[in-house]
Structure formats: structure tokens, C-alpha cells
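Student: Once you've had a glance at the structure underneath, I'll fire off some questions.
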Amino acid sequence: MPHSRRAIAEMILFGVLAALVVAAITYFQHHDRAKVAELSASPVSINGYITETQCNNHRQVSYKYSLAGTEYSDTAHCVESCETAKPGDIVKVLYAANNPENFSCLPISVLQGRAEGDPDFKWLLAMIIMVYGIARAVLSDEARAAQNGG
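Residue 71 in the numbering used here sits at position 69 of the sequence shown; the count goes up by one each step and never skips.
Put into C-alpha cells, the structure is as follows:
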């Protein structure tokens, strides 16, 4: 039985949505990989310090470091034990030699692992969206056909 124009349009729409999801995830992974590559190519180590603990918020700490009169700050899992960390404690910060705005208190190996992510995730998500869209379009088309008597 041929599908209605509406069902075909829904299938196309969900296909486009799946492609956009894959493109967005790919973009963010590429951006993260580029930042990690820049940081690992020319890391400079400097001491920063904890400004606030957020143990009830994903066990993170806020920290900052200063370079040439400019302060840079972020929030991350910089310490082994959030409960024992306190404002003023020193944290090791790495920044890219040519870009001090690209910095982290996490080891480069951790950053690399996060930037890689799960390569199969985006394809799995795209397939779920497409299967849902196709199933929705086909089932709604069949329901309309049954309602109209065949």
C-alpha cells in the first residue's frame, strides 16, 4: 500500500532531524578535540586556586588562575575529594601556550577521553530518531486508512 504524502513528509522530516542531531554532535566533538589538541600540543602548567566548593553539585569545585593580570575561571572535578577541598587550596592548571583561555585543571588524558566520547552514540541516536519517525508515519498512515475504510 503506498503511503500518503503526509507519511512521506514525516519520514523525511525525521530523517532530516536525525541528520541534524548527528551533525550537531559531530560539531561539538570536533570543537572539543581541537581544544584538547591545542592544549596537549603546548601545555603550560601554572598554579590556580579553588574559589568555591560545590560538593552537592556533581562534586565540582570552582577555580581560577591569573596570567599577565587577567583572571580565568572555570568549574570542574579538579580534586580527588571535594569534601576536604576548601577555598584557597592550590590546583594545577594547564593552559595552551598560545591561548590562555584554553585551560583546564583536569589531566590531558581525561580531556582526551571526554573529547572522543562514544563514537557509536550519535549513530545510535540517529537510528532511534529515524525508526521512531518511520514507525510513527507508517502507523498513523495505517490508522488514517483504517478510519477511512481501507
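From the three backbone atoms N, C-alpha and C, an ideal C-beta is built for every residue, glycine too.
Over what stretch of residues does the alpha helix (DSSP H) that includes Ala98 continue unbroken?
Tutor: Locating residue 98 in the sequence shown gives position 96, where the first residue counts as 1. Looking at the DSSP string, Ala98 is not in any alpha helix (DSSP H); the run it does join, the beta strand (DSSP E), is Ile92 to Ala98.
Student: Please report the Cβ distance between Cys84 and Val112, rounded to the nearest whole angstrom; I am assuming they are in contact, meaning their Cβ atoms lie under 8 Å.
Tutor: Translated into positions along the sequence shown, residue 84 becomes position 82. Translated into positions along the sequence shown, residue 112 becomes position 110. No, Cys84 and Val112 are not in contact; Cβ-Cβ is about 16 Å, not under 8 Å.
Student: Go to Thr86, then tell me how far its beta strand (DSSP E) extends in each direction, as first and last residue.
Tutor: Walking along the sequence shown from the start, residue 86 turns up at place 84. No beta strand (DSSP E) holds Thr86; DSSP gives it neither H nor E.
Student: Apply the 10 Å Cβ neighbour rule to Glu144 and answer buried if 16 or more other Cβ atoms are within range, or exposed otherwise.
Tutor: The residue you call residue 144 lines up with position 142 of the sequence shown. Under this definition Glu144 is an exposed residue.
Student: Taking Cβ positions, are Ile52 and Tyr67 nearer each other than 7 Å?
Tutor: Position 50 of the sequence shown, counted from the start, is the residue given in the question as residue 52. Position 65 of the sequence shown, counted from the start, is the residue given in the question as residue 67. Contact flag unset, no.
Student: Are Ala98 and Ser47 closer than 7 Å when you measure CB to CB?
Tutor: In the sequence shown, the residue the question calls residue 98 occupies position 96. In the sequence shown, the residue the question calls residue 47 occupies position 45. Not a contact, by the Cβ cut-off of 7 Å.
Student: Between which residues of its own chain and Asp34 is the CB-CB distance below 6 Å, once the five residues before and five after are set aside?
Tutor: As a first step, residue 34 is located in the sequence shown; it is residue number 32 there, counting from the start. The residues are Ala117.
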